[in-house]
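Residues in the sequence shown are numbered consecutively from 47, following this note's numbering. Here a beta-carbon is modelled for each residue, glycine too, at the ideal position from N, C-alpha and C. Encoded as structure tokens, the structure appears first; notes follow it.
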Amino acid sequence: MKRDMRFPDGFYWGASTASYQVEGNIFTTDWAKAAEEGRVPKAGRACDHYNRYEEDFDIAKKLGHNAHRFSLEWARIEPEEGKFDEEAIEHYRKVILALKKRDMKPYVTLWHFTLPLWFSERGGFEQKDSPKIFARYARYVAEKLGDEILGISTMNEPNVFGSNGWLRGSWPPFKRFALTDAISITNSGRTFESQAQKGLTPFFLYLKVMKNLAKAHNSAYDAIKKVNSAIDVSVVKHVIYFHANWNPFNKLKAGIANYCWTHIFMGRTYKKCDSIGLNYYFHKKFGDTALYEKTDMDWDIYPEGIKGSLELLWKYRIPLFVSEAGIADERDIYRASYIEKQVEAVWEALQDGIDVRGHMYWSLLDNYEWALGYEKRFGLVAINYDTLERTIRPSAHLYKRIIENNGILKGS
Ligand code: BGC
Numbered sequence: 047m048k049r050d051m052r053f054p055d056g057f058y059w060g061a062s063t064a065s066y067q068v069e070g071n072i073f074t075t076d077w078a079k080a081a082e083e084g085r086v087p088k089a090g091r092a093c094d095h096y097n098r099y100e101e102d103f104d105i106a107k108k109l110g111h112n113a114h115r116f117s118l119e120w121a122r123i124e125p126e127e128g129k130f131d132e133e134a135i136e137h138y139r140k141v142i143l144a145l146k147k148r149d150m151k152p153y154v155t156l157w158h159f160t161l162p163l164w165f166s167e168r169g170g171f172e173q174k175d176s177p178k179i180f181a182r183y184a185r186y187v188a189e190k191l192g193d194e195i196l197g198i199s200t201m202n203e204p205n206v207f208g209s210n211g212w213l214r215g216s217w218p219p220f221k222r223f224a225l226t227d228a229i230s231i232t233n234s235g236r237t238f239e240s241q242a243q244k245g246l247t248p249f250f251l252y253l254k255v256m257k258n259l260a261k262a263h264n265s266a267y268d269a270i271k272k273v274n275s276a277i278d279v280s281v282v283k284h285v286i287y288f289h290a291n292w293n294p295f296n297k298l299k300a301g302i303a304n305y306c307w308t309h310i311f312m313g314r315t316y317k318k319c320d321s322i323g324l325n326y327y328f329h330k331k332f333g334d335t336a337l338y339e340k341t342d343m344d345w346d347i348y349p350e351g352i353k354g355s356l357e358l359l360w361k362y363r364i365p366l367f368v369s370e371a372g373i374a375d376e377r378d379i380y381r382a383s384y385i386e387k388q389v390e391a392v393w394e395a396l397q398d399g400i401d402v403r404g405h406m407y408w409s410l411l412d413n414y415e416w417a418l419g420y421e422k423r424f425g426l427v428a429i430n431y432d433t434l435e436r437t438i439r440p441s442a443h444l445y446k447r448i449i450e451n452n453g454i455l456k457g458s
């Protein structure tokens with residue numbers, strides 16, 4: 047018999063975005079510089095969300111969302127070292143108020159991948175004093191916006207930032223742990239040659255960066271709490287769900303992989319987390335011979351892996367929320383069933399006693415997919431980049447129905 051899957055009262059439903067991917071016209075970051083140098087695609091005016099956030103929140107509201115996750119652009123707020131821009135912070139206050147006016151809970155992330163140029167040029171998170179610098183920025187935001195928000199995530203996906211920047215060499219600062227050929231990235235038929243610095247050194251730098259990121263989170267936590275101890279401080283963690291078939295050797299491999307990707311960082315930071323955001327996109331099953339359908343990113347379609355990812359994070363017994371999870375699917379043929387299966391898996395995690403408080407689909411809008419430019423489309427809302435016209439995709443209505451029912455009613 048099929049069961050209704052009702053979520054707890056007060057569960058938060060919404061979608062996520064990140065400043066550099068949607069706002070447009072951000073020129074003072076490491077990514078903008080890399081784009082000028084032809085190493086990654088230009089972000090340009092993106093979705094012009096900086097000017098159109100009211101319109102975009104109206105769409106989200108119309109789609110039933112009662113929460114929204116977005117990030118602040120550090121380079122706008124602190125354009126020069128130690129100098130803060132009042133106008134920029136005022137802009138984000140308006141963004142927050144625009145959400146609150148619509149009864150949508152703001153989930154604010156302080157930093158989502160892009161670094162102010164001054165910070166990256168002085169060595170970014172390779173430098174010993176980087177946690178202190180990050181904490182100063184966190185304190186400023188808490189002082190200015192702390193009264194308006196109940197929750198702050200310090201950073202997005204430290205492991206992705208570190209591994210793409212220092213192991214794969216596909217993102218700034220393009221350092222690559224390899225002695226062999228550089229990789230190239232293809233986007234819309236255009237190939238970007240990686241000019242990564244190769245060798246062993248990037249690996250040691252990666253370890254250092256990961257340590258500094260953990261320290262940066264912990265220092266930011268202290269700084270925010272000093273300003274207002276009521277603010278819920280979290281980190282947003284990318285989890286790859288490594289699992290295995292029956293084979294004990296494969297199980298061991300999965301265990302080691304989960305330890306390296308998820309638990310090293312969380313082990314260093316969980317004591318300074320009031321909650322943890324989960325970003326889930328893919329899994330890897332050792333010893334698996336199954337063939338999966340693929341997303342436009344060429345990732346396995348395996349939304350059910352979100353449950354195993356929540357289980358991995360539940361090790362820390364801290365309230366969780368899904369801060370991102372979604373699918374690149376330009377034709378919108380898989381998205382509806384993907385969302386449904388993902389939500390079912392979150393519900394199952396809840397039944398097992400895992401404390402999940404919210405679900406933010408990635409993404410509200412199509413956006414700049416980093417080194418892959420604008421080709422990949424994750425949005426509930428499609429963007430025409432020539433006209434900036436917004437078009438709601440059919441799958442967004444299925445998500446709306448789930449939200450209206452606060453879950454999945456099997457009879458509906
Ligand atoms: C990131 C997003 C990105 C998404 C899809 C996540 O790793 O936080 O910025 O667009 O994945 O690749």
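As assigned by DSSP and simplified to three states, the class of Asn233:
Taking the first residue of the sequence shown as position 1, residue 233 is located at position 187. Any reading at Asn233 must be qualified, since the residue scores a pLDDT of 48, below 50, and its modelled position is unreliable; the value itself is stated next. The answer is strand: DSSP assigns Asn233 an E or B state.
Say the cut is 7 Å; is the CB of Ala64 nearer than that to a heavy atom of the ligand BGC?
Here residue 64 corresponds to residue number 18 of the sequence shown, with the count starting at 1. Yes, since a heavy atom of the ligand BGC falls inside the 7 Å radius drawn around the Cβ of Ala64.
Opposite Val281 in the DSSP bridges: which residues?
Along the sequence shown, one-based indexing puts residue 281 at 235. In the DSSP output, where bridge partners are listed per residue, Val281 has Ile322.
Rounded to whole angstroms, how far is the Cβ of Thr160 from the Cβ of Trp77, which I believe are closer than 8 Å?
Taking the first residue of the sequence shown as position 1, residue 160 is located at position 114. Taking the first residue of the sequence shown as position 1, residue 77 is located at position 31. Indeed they touch by this definition, with Cβ atoms about 5 Å apart.
Nearest to Gln243 by CA position, among Met256, Pro365 and Gly211, is which residue?
What you label residue 243 is simply residue 197 of the sequence shown in a count that begins at 1. Of the listed residues, the one whose Cα sits closest to Gln243 is Gly211.
Residue burial classification, Tyr287 (beta-carbon count within 10 angstroms, cutoff 16)
Within the sequence shown, the letter at position 241 stands for residue 287. Label assigned to Tyr287: buried.
Mind reading off the beta-carbon distance from His284 to Asn205? Whole number of angstroms is fine, and I expect it under 8 Å.
Counting from one through the sequence shown, the residue named residue 284 turns up at place 238. Counting from one through the sequence shown, the residue named residue 205 turns up at place 159. Their Cβ separation, rounded to whole angstroms, is 6 Å, which keeps His284 and Asn205 in contact under 8 Å.
Run the proximity test for Val206: is its beta-carbon closer than 7 Å to any non-hydrogen atom belonging to the ligand BGC?
Taking the sequence shown and counting its residues from 1, the one referred to as residue 206 is at position 160. Within the cutoff, so yes.
By how many angstroms is the C-alpha of Arg314 removed from the C-alpha of Gly354?
Looking up residue 354 in the sequence shown gives position 308. Looking up residue 314 in the sequence shown gives position 268. The alpha-carbon atoms of Gly354 and Arg314 are separated by roughly 21 Å.
Let me know if Phe220 comes out buried or exposed under the rule of 16 or more other beta-carbons within 10 Å of its beta-carbon.
For the purposes of this step, residue 220 is taken as the residue at position 174 of the sequence shown. That one is buried.
For the candidate residues Ala417, Pro440, Leu434 and Thr433, whose alpha-carbon lies nearest to that of Leu426?
Walking along the sequence shown from the start, residue 426 turns up at place 380. Measuring from the Cα of Leu426, the nearest candidate turns out to be Pro440.
Ordered along the chain, which non-local residues of its own chain (more than five positions away) have a Cβ less than 8 Å from that of Asn291?
The count along the sequence shown starts at 1 and reaches residue 291 at position 245. Excluding residues within five positions, the ones whose Cβ falls inside 8 Å are Lys331, Phe332, Gly333 and Asp334.
How far does the alpha helix (DSSP H) with Ile179 in it extend, from its first residue to its last?
In the sequence shown, the residue the question calls residue 179 occupies position 133. Residues Ser176 to Leu191.
For Asn202: DSSP bridge partner residues:
Taking the first residue of the sequence shown as position 1, residue 202 is located at position 156. Answer by DSSP bridge pairing, in chain order: Val282.
Just to confirm, are Arg182 and Val273 a CB contact at a threshold of 8 Å?
Translated into the one-based positions of the sequence shown, residue 182 becomes position 136. Translated into the one-based positions of the sequence shown, residue 273 becomes position 227. No, Cβ-Cβ distance for Arg182 and Val273 is not below 8 Å.
With respect to the beta strand (DSSP E) encompassing Pro248, which residues constitute its N-terminal and C-terminal limits?
Taking the first residue of the sequence shown as 1, we reach residue 248 at position 202. Looking at the DSSP string, Pro248 is not in any beta strand (DSSP E); the run it does join, the alpha helix (DSSP H), is Thr247 to Val273.
Just to confirm my understanding: we take His443, look at its own chain, exclude 5 residues before and 5 after, and list those with CB closer than 8 Å. What are they?
Translated into the one-based positions of the sequence shown, residue 443 becomes position 397. So the list reads Leu109, once near-sequence residues are dropped.
Work out the CA separation of Glu386 and Ile347 for me, nearest whole Å.
As a first step, residue 347 must be located in the sequence shown, where it is residue number 301. As a first step, residue 386 must be located in the sequence shown, where it is residue number 340. Spanning the two alpha carbons is a distance of roughly 13 Å.
Where the alpha helix (DSSP H) containing Leu360 begins and where it ends:
Position 314 of the sequence shown, counted from the start, is the residue given in the question as residue 360. Checking the sequence, you will find Trp at residue 360 rather than Leu. Trp360 -> alpha helix (DSSP H) spans Gly351 to Trp360.
How far does the beta strand (DSSP E) with Arg403 in it extend, from its first residue to its last?
Your numbering for residue 403 matches position 357 in the sequence shown. Element bounds for Arg403: Val402 to Trp408.
Ala81 burial status per 10 Å Cβ neighbour count (16 or more: buried):
Your numbering for residue 81 matches position 35 in the sequence shown. Ala81 comes out buried.
Return the Cβ separation of Glu119 and Ser65 in integer angstroms, given the expectation that the two are a contact with Cβ distance under 8 Å.
To locate residue 119, count along the sequence shown from 1; it is residue 73. To locate residue 65, count along the sequence shown from 1; it is residue 19. Contact flag correct, Cβ pair sits at about 4 Å.
Test item: CB-CB of Leu411 and His137 under 8 Å:
As a first step, residue 411 is located in the sequence shown; it is residue number 365 there, counting from the start. As a first step, residue 137 is located in the sequence shown; it is residue number 91 there, counting from the start. No. Outside cutoff.
Glu203, buried or exposed, once every other Cβ within 10 Å from all chains shown has been counted against 16
Here residue 203 is taken as the residue at index 157 of the sequence shown, counted from 1. When all chains shown are included, Glu203 counts as buried.
If I measure Cβ to Cβ from Ala92 and keep anything under 7 Å in the same chain, skipping five residues before and after, which residues do I get?
Working through the sequence shown from its first residue, we reach residue 92 at position 46. Cβ neighbours of Ala92 beyond the five flanking positions: Gln67, Val68, Glu69, Gly70, Asn413 and Tyr414.
For Val389, I'd like the list of residues in its chain whose CB is within less than 8 Å of its CB, leaving aside the five on either flank, ordered along the chain.
Working through the sequence shown from its first residue, we reach residue 389 at position 343. Answer for Val389: Met51, His405, Ile448, Gly453 and Ile454, listed in chain order.
So Trp59 is in the beta strand (DSSP E); what residue range does that whole segment cover?
Here residue 59 corresponds to residue number 13 of the sequence shown, with the count starting at 1. Looking at the DSSP string, the run of the beta strand (DSSP E) that includes Trp59 is Tyr58 to Ser62.
Less than 7 Å between the CB of Phe424 and some heavy atom of the ligand BGC, yes or no?
Taking the sequence shown and counting its residues from 1, one reaches residue 424 at position 378. Because some heavy atom of the ligand BGC lies under 7 Å away, the Cβ of Phe424 counts as near it: yes.
N- and C-terminal bounds of the alpha helix (DSSP H) containing Glu370
Counting from 1 along the sequence shown, the entry for residue 370 is found at position 324. Here Glu370 belongs to no alpha helix (DSSP H); instead the beta strand (DSSP E) covers Leu366 to Ala371.
Here's the rule: buried if 16 or more other CB atoms are within 10 angstroms of the residue's CB, otherwise exposed. What is Ile179?
By one-based count along the sequence shown, residue 179 stands at place 133. Buried: at least 16 other Cβ atoms inside 10 Å.
With distance defined between alpha-carbon atoms, name the residue in Arg381, Ile277, Phe424 and Leu251 nearest to Leu191.
Numbered from its first residue, the sequence shown carries residue 191 at position 145. The shortest Cα separation from Leu191 among Arg381, Ile277, Phe424 and Leu251 belongs to Ile277.
Compute the minimum distance between the beta carbon of Tyr459 and the heavy atoms of the ligand BGC, and state whether it is under 7 Å.
Because the chain spans 47 through 458 in this model, residue 459 falls outside it and cannot be assessed.
Going by the beta-carbon positions, is the gap between Glu194 and Arg122 smaller than 8 Å?
Translated into positions along the sequence shown, residue 194 becomes position 148. Translated into positions along the sequence shown, residue 122 becomes position 76. Taking 8 Å as the Cβ cut-off, Glu194 and Arg122 do not qualify as a contacting pair.
If you measure between the beta carbons of Ala391 and Tyr327, is that distance less than 8 Å?
Position 345 of the sequence shown, counted from the first residue, corresponds to residue 391. Position 281 of the sequence shown, counted from the first residue, corresponds to residue 327. Their beta carbons are not under 8 Å apart, which means Ala391 does not touch Tyr327 by this criterion.
I want to check one thing, is the minimum distance from the CB of Trp408 to the heavy atoms of the ligand BGC below 7 Å?
Against the sequence shown, residue 408 aligns to sequence position 362. Flag set: Cβ of Trp408 near the ligand BGC.
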